[in-house]
Amino acid sequence: MTKVLLTGGAGFIGSHTCLVLLETGHQLVVIDDFSNGSAEALRRVAELAGLGPWRQASAEHWTAAEPGGGSLTLLRGDVRSPRDLDRAFAITGGGISAVLHFAGLKAVGESMTQPLRYWDVNVTGTVQLLEAMGRHACQTLVFSSSATLYGTTDRVPIPETAPLQPINPYGYTKAAVERLLTDVATSDPGWRIALLRYFNPVGAHPSGRIGEDPNGLPNNLFPFLCQVAGGRRQHLEVFGGDWPTPDGTGVRDYLHVMDLAEGHGRALDVLQAEPPQMLTLNLGSGHGYSVLELVRSFETTNGLTLPYAVVERRPGDSAVSVADPREAERRMGWRTRRSLADICRDGWAWQSANPQGYGSNEGQPTGALIGAQQVS
Ligand SMILES: NC(=O)c1ccc[n+]([C@@H]2O[C@H](COP(=O)([O-])OP(=O)(O)OC[C@H]3O[C@@H](n4cnc5c(N)ncnc54)[C@H](O)[C@@H]3O)[C@@H](O)[C@H]2O)c1
Numbered sequence: 084m085t086k087v088l089l090t091g092g093a094g095f096i097g098s099h100t101c102l103v104l105l106e107t108g109h110q111l112v113v114i115d116d117f118s119n120g121s122a123e124a125l126r127r128v129a130e131l132a133g134l135g136p137w138r139q140a141s142a143e144h145w146t147a148a149e150p151g152g153g154s155l156t157l158l159r160g161d162v163r164s165p166r167d168l169d170r171a172f173a174i175t176g177g178g179i180s181a182v183l184h185f186a187g188l189k190a191v192g193e194s195m196t197q198p199l200r201y202w203d204v205n206v207t208g209t210v211q212l213l214e215a216m217g218r219h220a221c222q223t224l225v226f227s228s229s230a231t232l233y234g235t236t237d238r239v240p241i242p243e244t245a246p247l248q249p250i251n252p253y254g255y256t257k258a259a260v261e262r263l264l265t266d267v268a269t270s271d272p273g274w275r276i277a278l279l280r281y282f283n284p285v286g287a288h289p290s291g292r293i294g295e296d297p298n299g300l301p302n303n304l305f306p307f308l309c310q311v312a313g314g315r316r317q318h319l320e321v322f323g324g325d326w327p328t329p330d331g332t333g334v335r336d337y338l339h340v341m342d343l344a345e346g347h348g349r350a351l352d353v354l355q356a357e358p359p360q361m362l363t364l365n366l367g368s369g370h371g372y373s374v375l376e377l378v379r380s381f382e383t384t385n386g387l388t389l390p391y392a393v394v395e396r397r398p399g400d401s402a403v404s405v406a407d408p409r410e411a412e413r414r415m416g417w418r419t420r421r422s423l424a425d426i427c428r429d430g431w432a433w434q435s436a437n438p439q440g441y442g443s444n445e446g447q448p449t450g451a452l453i454g455a456q457q458v459s
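Plus 83 on top of the position in the sequence shown (first one is 1) and you've got this note's numbering.
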């Protein structure tokens, strides 16, 4: 059993990963500033994992534990703050052996209007985290990277060796952190680092208790589609019906968030079991689905009709983005197990049971533009 720190663990991917790691007996500490996550998500994770009662120990700190088993401690804090990070490393008596670094800003459009904020949180936050890891003698790190690094390549599927050519500030920050981590690993051979390049994580835990709860207007197709299904938004607008794809709409590689969460567990196992190394892996299903295929699967799986309209293409989008996931299977025995129908069923179970998410954001019904899910 190891003690692991998750930055941004109260967010979408982090909360599902917490659950997977608790089910394998880990002790977890989460640091999150709640800019896009909530303590309620982790209260529900603790409940699903069968931990004891979720207690608020102070205004900034929550905890739940099972005697002799897993535990979950949540600290409100900012990854850019050395003091908050030192507190996170020390809060349960020290001994953190690995970090999963989810904390960051991820909205592509927002990154174009607020580049300084994106560089500060995503890059400065990672520098501060690495400094703190140095102070606390921790050299194992799993980083949330992104297929957005590959830009608008026509290559199908995309291997890890494809050129990195990000096209927006969000993508540049992910590329900068990958570069930074490569330099750090080169400077000291004791580091164990995994760069996990996610394709399009979607869906929710099958219980419907935890899922994606974006602040305000969803940035990506799937949560938007769920909100249209739930009546919170009026209709879906699909960017581009004239792409060179079978039905003219953009094709993306959607992977169930529980498959992705399990991928983090595998990466951690491999890093901890093998000699120090740097792993760079695509996490995707290797299958592409068009926007219309996703819409139809959602309708068929859930017995619903989704109003949508096809509009102009959006600048910066590409026709197809599909992972070559074979390296992840070869290096860590991981591949996706859940289908598009599972994604649609579980995503709707979450949305229909929690129409306002965890209750923190009250979106107004509205129509808005959304295309093939951007890789964030
Ligand atoms: N969801 C996707 O489609 C996708 C795709 C590729 C990569 N990623 C990356 O994966 C990671 C997790 O994504 P997610 O979808 O779970 O996003 P999310 O927004 O749900 O989770 C990120 C969490 O980080 C927290 N956070 C933000 N800034 C912070 C700070 N300064 N200090 C502490 N906590 C902070 C937020 O409150 C949130 O809980 C991000 O780094 C994102 O860039 C996501």
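Ideal Cβ placement from N, Cα and C applies to all residues, glycine included.
Quantities reported herein were computed from a predicted structural model and do not represent experimental measurements.
- Within the region 315-374, the complete beta strand (DSSP E) runs of at least 3 residues fall at 319-322, 337-339 and 361-366.
- Beta-carbon to beta-carbon, GLY133 and GLY94 are separated by about 22 Å, too far to satisfy the 8 Å threshold.
- Put simply, the region 110-126 touches the region 143-159. At least three CB pairs are less than 8 Å apart.
- Per the Cβ contact rule, the region 337-347 is in contact with the region 99-107 (3 or more Cβ pairs under 8 Å).
- In the displayed model, HIS99 falls within a helix according to three-state DSSP.
- With fewer than 16 other Cβ atoms from the protein chains shown falling within 10 Å of its own Cβ, GLN139 counts as exposed.
- The nearest non-hydrogen atom of ligand 1 is 8 Å or more from the C-beta of PRO150.
- Pairwise C-beta distances place the region 369-380 out of contact with the region 199-217, as fewer than three of them are shorter than 8 Å.
- For ILE426, the enclosing alpha helix (DSSP H) stretches over residues 423-436.
- When rounded, the separation of the alpha-carbon atoms in THR235 and GLY160 is 35 Å.
- For LYS189, no beta strand (DSSP E) segment is defined, and its DSSP state is neither H nor E.
- Between THR85 and HIS109, the gap from beta carbon to beta carbon is short of 9 Å.
- For GLU130, same chain residues with a beta-carbon under 8 Å away, outside a window of 5 residues either side, are TRP137 and ARG292 in chain order.
- Boundaries of the alpha helix (DSSP H) harbouring ALA122: 122-131, taken from the DSSP string.
- DSSP, read as helix, strand or coil, puts GLN211 in helix.
- Inter-residue distance for ALA148 and HIS219 is about 23 Å (C-alpha atoms, whole angstroms).
- About 6 Å separates the CB atoms of PRO249 and THR231; that is less than 8 Å, so the two are in contact.
- Every unbroken stretch of the beta strand (DSSP E) spanning 3 or more residues and falling wholly within the region 238-312 is given here in chain order: 275-281 and 283-285.
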